[in-house]
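**Q** Next up is a structure, given as structure tokens.
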Amino acid sequence: DTLPAVVEVCRRVDGLPLAIELAAGRVGLLSVSELAGRVRSGLDVLGQGQRDAPARQRTLEATLEWSYDLLDPEEQRVLAALAVFAGGCTVADAQAVTDAPLEVLESLVAKNLVLAGTGHEGSRRLAMLETVRAFAHARLERADEKEAIARRHGERYLALVERVLPELEWTGSPSVLAELDQELDNLRAAFAWALDRSPEVALRLASA
């Protein structure tokens, strides 16, 4: 009976063994369904791990903090900035929005904080586990460049839809539709930002 809630908890914590172990420790207090509801709200609900474990392994937040502290300042900045993307991004989009040098992106991939996969038409696509993205997003919220990054993100995806609109109107290209489908989460995030911060961008996005 609890299988759907168990699956949701595991999916929400990206299947990370430590995160699943920490979540299981809450079942004495919460039902699995209650846990599934609370785990949507953030990492801190996972609580403490075994007392005899190293400090960095007692909570998922501590584990991520430990990995983050090992990064140099530019890697920390870029990791936080990448949290602006929803559903991943191309390498070109990552560089345009975060001003990240290629070698910094390579370093974050090598350190398993950013994942590199295959996207539209075989291009490389970067993504983060949702647990890592939530951690990075908290750092982005405190960053001085938060607004500038959000604006570049919004304008980047506005440029995408306005670029492909003529081709889509003339041909209904399956390739263009696939590209837009891949960026749907980013388009929604850009629109949400624009509604709050830039009515002009919001209107152009909606029109396109």
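In this note's numbering, the protein residues as written are 654 to 861. Positions of the beta carbon are idealized from the N, C-alpha and C atoms, including for glycine.
1. What's the C-alpha gap between Glu687 and Glu661?
2. Who are the near neighbours of His773 in its chain, counting only those whose CB is closer than 7 Å to its CB and skipping five residues on each side?
3. Check the DSSP bridge columns for Arg777 and list the partner residues they point to.
4. By alpha-carbon positions, which one of Trp846, Trp823 and Gly741 ends up nearest to Glu800?
5. With C-beta atoms as the reference, is Val685 less than 8 Å away from Ala658?
6. Tell whether a beta-carbon distance below 8 Å holds between Gly741 and Ala780.
7. Between the C-alpha atoms of Val598 and Ser828, what's the straight-line distance to the nearest angstrom?
8. Measuring only the C-alpha atoms, how far is Tyr810 from Leu768?
9. Based on Cα-Cα distance, which residue from Val680, Leu717, Asp654 and Gly681 lies nearest to Leu669?
10. Might you give, ordered along the chain, the residues of its own chain that have their beta carbon closer than 8 Å to the beta carbon of Leu848, omitting 5 neighbours on each side?
**A** Checking against the coordinates, here is how it stands:
1. C-alpha separation (whole angstroms): 11 Å.
2. Around His773, the same chain offers Ala831, Glu832 and Gln835 as residues with beta carbons nearer than 7 Å, after the five sequence neighbours per side are excluded.
3. Paired residues: Thr771.
4. Residue Trp846 holds the alpha-carbon nearest to the alpha-carbon of Glu800 among Trp846, Trp823 and Gly741.
5. Here Val685 is near Ala658, since their CB atoms are less than 8 Å apart.
6. By the CB criterion at 8 Å, Gly741 and Ala780 fall inside the cutoff.
7. Here the chain covers residues 654 to 861 and nothing more, so residue 598 does not appear.
8. The straight-line gap from Cα to Cα measures roughly 21 Å.
9. When C-alpha distances from Leu669 are compared across Val680, Leu717, Asp654 and Gly681, the shortest belongs to Leu717.
10. The answer, listed in chain order, is Ala855.
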